[in-house]
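See structure below.
Residue numbers (my numbering): 26 to 112.
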């Protein structure tokens with residue numbers, strides 16, 4: 026689950042994008058409820074890099090990421106790992 030909590034009223038949409046979407050700018054839209062944007066994704070085991078897309082145009086490093094890695098453009102990507110319990 027991806028979660029982004031904000032109280033900024035000018036944010037009208039949040040999406041998540043990363044290597045699991047081939048970095049498509051539209052990303053995967055997150056749903057808004059009571060100041061929290063969230064989406065649940067089903068992904069295969071692996072290590073993934075991602076960013077948030079704010080209002081359809083601003084790519085932002087996720088502040089609550091588990092870890093960070095250079096994005097190759099002077100910024101950072103959020104990074105997370107999925108390991109299934111059925112091994």
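We put the CB at the ideal spot given by N, CA and C, even for glycine.
CB-CB length for residue i against residue j, believed under 8 angstroms
i: residue 38; j: residue 81; result: 6 angstroms
i: residue 93; j: residue 104; result: 6 angstroms
N- and C-terminal bounds of the beta strand (DSSP E) containing residue i
i: residue 95; result: 92 to 95
i: residue 102; result: 101 to 107
i: residue 72; result: 71 to 79
i: residue 55; result: Looking at the DSSP string, residue 55 is not in any beta strand (DSSP E), and its letter there is neither H nor E.
i: residue 84; result: 83 to 85
i: residue 27; result: 27 to 30
Of the residues the options, the one placed nearest residue i, counting alpha carbons only
i: residue 50; options: 69, 76, 35; result: 76
i: residue 52; options: 45, 34, 41; result: 41
i: residue 72; options: 63, 44, 26; result: 44
i: residue 70; options: 106, 91, 56; result: 106
i: residue 55; options: 95, 28, 90, 68; result: 28
i: residue 61; options: 108, 99, 26, 46; result: 26
i: residue 31; options: 109, 101, 100, 89; result: 89
Helix, strand or coil at residue i according to DSSP, with G and I counted as helix
i: residue 46; result: helix
i: residue 41; result: strand
i: residue 61; result: strand
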